[in-house]
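Counting from 1 along the sequence shown, just add 3 to a position and that's the residue number in this note's numbering. Okay, so here's the structure we're looking at.
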Amino acid sequence: MGESKQASKKRAQSLNHLLAFTLPPRAPPTLGPRRVRRSDTYRPFSRERYVNAQYRFVVRPTFDSQRHLNDPDLPLPWQDVAQVLVPLASDAVVAAHGTAESDQTGTCPICLSPPTAPRMTRCGHVFCYACMLHYLIVAENGTKTRGSMRHAKRCPICWDDVVARDLKAVLWVDGQHEAQKHRRAFLEGRSDADAPNDTLMLRLMERPSNACVALPRSATWPSVWDSRSLLCSHPDALVYARCVRATPEHLVESLRADMAGVEAATREAQAYQPDELSLEFLRVAHEQLQEQLLTALSMPSMPAERPASERSDRASYFYYQAASGQYVFLHPIDIKVLLSRFQTYANFPDTLMVAVQGADEGTVDEALRKKCKYLAHLPMSADVTFVEVDWARTAVVPASVQPAIPWEPWADVLAERSQRRVNKAAREEKSRKRAQKEPRKHRDARPEEQPLGDDQLSFREAAMVGAEMYFPIHPGAATDDDALFPSMPAPAPARPTERVAKTVWGTPAATHAHSAATPDAQHMDEAWHSLEERSGDAEQCEGKRPGPKTKRKPKLILTGGGRTAW
């Protein structure tokens with residue numbers, strides 16, 4: 004029995020060198036820069052902050068918004084919001100072209116059509132009223148459960164909680180229509196009204212130093228001021244003010260417009276695509292609007308604004324803003340050009356027509372508020388655009404429309420600004436081309452199939468060649484007997500006929516791996532093959548000896564995995 008165990012140990016082949024692998028020592032962690040302590044004004048980004056920065060609001064008639072007017076970063080209570088004012092065009096489009104399309108109402112994410120009686124969720128997404136009621140009422144299995152309107156469901160866009168009572172009416176603000184109306188009123192009655200059509204109309208805004216409301220300077224502003232908030236019936240309030248109070252007349256007019264839109268959608272659905280389910284939820288939306296209309300009709304009338312006895316002489320900030328109501332302002336250098344002509348900000352003309360040369364987009368932050376104090380009333384994270392004036396084209400405007408502005412003394416400063424813009428555009432174009440070439444360069448440099456070299460050996464090849472050549476032996480591991488493993492023979496000339504390589508287990512090696520192997524690996528394969536042949540000859544000789552002993556295949560010993568033999 005003891006002799007058989009010794010014979011089996013002699014026939015065994017140790018594979019412990021495959022386990023002799025140690026990771027390189029880790030470098031000590033480097034000390035990073037000292038963490039900057041956040042200031043007290045830091046506020047994490049949230050959906051409420053985004054909605055507060057991107058839209059304007061009409062609150063209920065009984066809501067006192069004095070606190071929110073003094074702090075533009077404080078979101079309004081959603082339950083006190085009656086309407087959300089959404090512009091039809093973006094600031095960048097207005098700054099670049101001066102005009103924009105007036106039918107950019109977007110599409111409903113559910114029906115992919117212009118929203119009918121649009122409603123906004125708390126997360127800032129706009130849907131059709133009927134589509135959202137359909138989504139809230141119908142359960143996941145398609146059954147109709149009217150009681151589910153009281154429960155929250157996920158927003159189809161951002162998966163925020165949505166409840167039927169949180170849906171707020173949306174009023175599309177056509178700023179370009181307001182700008183064109185002001186343009187016609189401004190040019191009316193002037194002898195030469197042939198002003199260029201590619202100019203941007205700007206209005207002089209006035210903001211009292213102790214207030215967060217800014218409106219175009221007029222006979223009614225800032226002489227009329229209510230400490231609670233402005234009424235939506237005030238001139239220019241719906242176009243420029245961030246928060247206004249609703250009147251019953253305004254709510255009734257908006258609800259009747261929504262009901263007319265639902266009725267038109269119902270007639271269209273009955274004429275072209277008679278879908279009973281869609282018609283049912285259009286009817287439900289009409290019923291909900293009818294109930295809201297009755298509530299608005301029962302509200303008491305708001306008292307008229309009382310005009311002040313005389314105009315206040317307190318200090319105010321003056322600046323120019325687009326007549327469309329968008330956050331499009333004049334560049335600081337152009338303001339200096341105007342100041343050199345009119346000496347004081349209060350002497351600026353109420354309306355200014357300029358030709359736009361370029362525009363810079365930005366976001367309101369603490370640095371911008373410190374640099375442009377007249378914009379401190381804008382909420383944090385609001386998108387703003389500063390336009391650069393082309394004074395050479397602006398000089399074409401007739402003197403009867405606006406006074407001539409001498410800009411020649413500022414020619415060097417304006418030329419330097421134009422050159423910076425050209426250089427910036429060139430850098431951006433160069434970066435864009437470089438970014439386009441990077442993926443193509445990596446794609447061309449990557450071959451379809453890379454052969455494995457000496458530094459890219461697979462696990463099977465590492466086992467055949469000898470892991471001790473590529474991985475350090477663990478210091479605590481005992482060295483194996485040299486007789487059990489073949490030595491690396493000297494390179495020999497290639498033979499005319501290649502022999503099929505085999506692994507230590509006797510199976511044919513993978514063709515794609517060995518066909519691309521290096522000459523050293525091929526010679527090592529031949530050494531292993533010769534070892535297998537010698538082992539087979541020795542077993543045959545032992546088989547010829549008399550006795551009950553039977554042939555046994557060599558064992559592979561692996562002692563590092565919890566078992567002594569595999």
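Positions of the beta carbon are idealized from the N, C-alpha and C atoms, including for glycine. Since we're looking at a predicted model, the values are computed, not measured.
Asked, Found
"What span of residues does the alpha helix (DSSP H) with Met262 cover, start to end?", "251-274"
"What number of angstroms, rounded off, separates the C-alpha of Ala395 from the C-alpha of Pro382?", "35 Å"
"Considering only C-alpha positions, which residue in the set Leu417, Trp81, Phe345 is nearest to Gln405?", "Phe345"
"By the 10 Å Cβ neighbour count, where 16 or more other Cβ atoms means buried, how is Asn350 classified, buried or exposed?", "exposed"
"Roughly how many whole angstroms lie between the Cα atoms of Leu234 and Pro251?", "11 Å"
"Out of Arg210, Leu115, Leu91, Val247, state which residue places its alpha-carbon closest to the alpha-carbon of Pro64.", "Val247"
"Please classify Leu258 as buried or exposed, where buried requires at least 16 neighbouring CB atoms within 10 angstroms.", "buried"
"Who are Asp386's beta bridge partners in DSSP?", "Thr366"
"Pro489 to Leu22, Cα distance in whole Å?", "Caution applies to Pro489, whose pLDDT of 47 falls short of 50 and renders its modelled position unreliable; the model cannot decide the point."
"Following the continuous alpha helix (DSSP H) through Tyr138, name the residue where it begins and the one where it ends.", "132-140"
"Quick one: Cα of Ala103 to Cα of Gln179, how far?", "A caution first: Ala103 carries a pLDDT of 49, below 50, which makes its placement in the model too unreliable to give a value."
"Taking Cys215 and Pro78 to be in contact with their CB atoms under 8 Å, please state how far apart those CB atoms are, rounded to whole angstroms.", "Not a contact, Cβ separation roughly 14 Å."
"Kindly indicate which three-state DSSP category Pro80 falls into: helix, strand or coil?", "coil"
"Give the C-beta separation of Arg157 and Ser384 to the nearest angstrom, bearing in mind that I take them to be a contact with Cβ-Cβ under 8 Å.", "25 Å between Cβ atoms; not a contact."
"Do the CB positions of His137 and Pro112 come within less than 8 Å of each other?", "no"
"Would Leu300 and Val255 be called neighbours here (beta carbons separated by less than 8 Å)?", "yes"
"Buried or exposed, going by whether 16 or more other CB atoms sit within 10 Å of the CB of Glu181?", "buried"
"If I follow the unbroken alpha helix (DSSP H) through Ser281, where does it start and stop?", "279-300"
"CB-CB under 6 Å to Gly365, same chain, minus the five flanking residues each way: which ones, in chain order?", "Val387"
"Can you have a look at Val425 and say buried or exposed, based on whether 16 or more other CB atoms are within 10 angstroms of its CB?", "exposed"
"Who pairs with Leu157 in a beta bridge, going by DSSP?", "Leu is not the amino acid found at residue 157; the sequence shown has Arg there. DSSP, once it has assigned bridges, lists Asp164 as partnering Arg157."
"Ordered along the chain, which non-local residues of its own chain (more than five positions away) have a Cβ less than 6 Å from that of Ser281?", "Ala272"
"Could you tell me whether the Cβ atoms of Asp393 and Gln422 are closer together than 8 Å?", "no"
"Taking 6 Å as the limit between beta carbons, can you name the residues of its chain near Trp410, skipping five residues before and five after?", "Val340, Trp394"
"Measuring only the C-alpha atoms, how far is Glu536 from Ala30?", "48 Å"
"If we call anything under 8 Å between Cβ atoms a contact, is Asp239 one with Leu218?", "yes"
"So, with DSSP's three-state summary, where would you put Pro90?", "strand"
"With H, G and I counted as helix, E and B as strand and the rest as coil, what does DSSP make of Lys436?", "helix"
"Given this structure, state the Cα-to-Cα distance separating Val61 from Pro159, to the nearest angstrom.", "26 Å"
"Quick one: give me the first and last residue of the beta strand (DSSP E) that Pro211 is part of.", "203-211"
"What number of angstroms, rounded off, separates the C-alpha of Glu279 from the C-alpha of Ile140?", "15 Å"
"Starting from Ser343, trace the alpha helix (DSSP H) in both directions and tell me its first and last residue.", "335-345"
"For Ala398, which residues in the same chain have their Cβ closer than 8 Å to its Cβ, ignoring the five residues on either side in sequence?", "Ala407, Ile408, Trp410"
"Alpha carbon to alpha carbon, what distance is there between Leu72 and Ala288?", "34 Å"
"Using DSSP bridges, identify the partner residues of Phe60.", "Val87, Cys246"
"With distances taken from CA atoms, which of Gln329, Val87, Gln439, Asp353 is nearest Phe321?", "Asp353"
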